[in-house]
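Notes for the one structure printed next.
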Amino acid sequence: MPTKSKPLANQEFADDIKLWLQEQKSREILRLLMQVGARDIVAAYLEIGGFHHQHIRYLMGPTVLHRSPWADTLPNWLPEAIHRDRFESILSEHDEGLVGNLATPTEVMAYMYPATMDAPMQRDWVEVYLWAGNDVLTRHNRLPEGKTFWEHVDNSPISYHQIKNDYEQLARDIRRKVVQAAASRGIAKKQRMAQPSSDSYGDAATATGATPLLSTDRGQVLEEQIL
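Everything in the sequence shown is counted per our numbering, starting at 982 for the first residue and increasing by one.
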């Protein structure tokens, strides 16, 4: 009967997509789609392939920046870099069977960029910004040829251990805002309704008690701007 064969065909198609997504060549195709800005197509594949609704929302969510007139001066290459880095994080998390709660260093750097233009920041936050800058500009080949980031900014290298607490607080808040904004726009709504509450993922993105972006334990104001 048609009423029985259609769901069966849909399930077979979804199973085929799940297998396809496990192949490295398939992921390279998705990376190429991300490079040309087709993340809606990539998100559709991930959703059909059974990726967690939080991953779909994270991929399709907006860019979150510090609220400032300087937000308009964000380098043009950063938004697409954010999307590509989110995609890589999502693949890694999916392969490990979890949903993370941290935004990428690219998002942290982009968020803080307008804030650095507004007023001098406390040294702890400067170190977070520099650490993220080193990671992002090095990975995305945005440094002058023949120079390391630390040579370029004339600063001693900063380790992750030095900035871990502040960085992770901000990264959690950013990712939470991204996912919340995507949910409010109806992204992955159908999948969320169909997905069991006790699936194989540890849904850390909703379980974390993240600190609001509007304040930190040091009282520095960090207002968000959703793009």
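Ideal Cβ positions, reconstructed from N, Cα and C, are used throughout, including at glycine.
Fewer than three beta-carbon pairs drawn from the segment 1125-1135 and the segment 1071-1086 are found closer than 8 Å, and the two stretches are therefore not classed as touching.
Taking 9 Å as the cut-off, the beta carbon of residue 1051 is found closer than this to the beta carbon of residue 1094.
The beta carbon of residue 1096 lies closer than 6 Å to those of 1047 in the same chain, with the five residues before and after it left out. Distance from the CA of residue 1023 to the CA of residue 1158, rounded to the nearest whole angstrom, comes to 21 Å. For the set 1031, 1091, 1109, 1152, the Cα lying nearest the Cα of residue 1139 is the one of 1109. Separation of the CB atoms of residue 1152 and residue 1042 is rounded to 14 Å, and the pair is thereby denied contact status at 8 Å. Taken atom to atom, the span from the alpha-carbon of residue 1031 to that of residue 1107 is near 39 Å.
Going by beta carbons, residue 1062 and residue 1117 fall inside the 9 Å limit.
A distance below 9 Å separates the beta carbons of residue 1049 and residue 1099.
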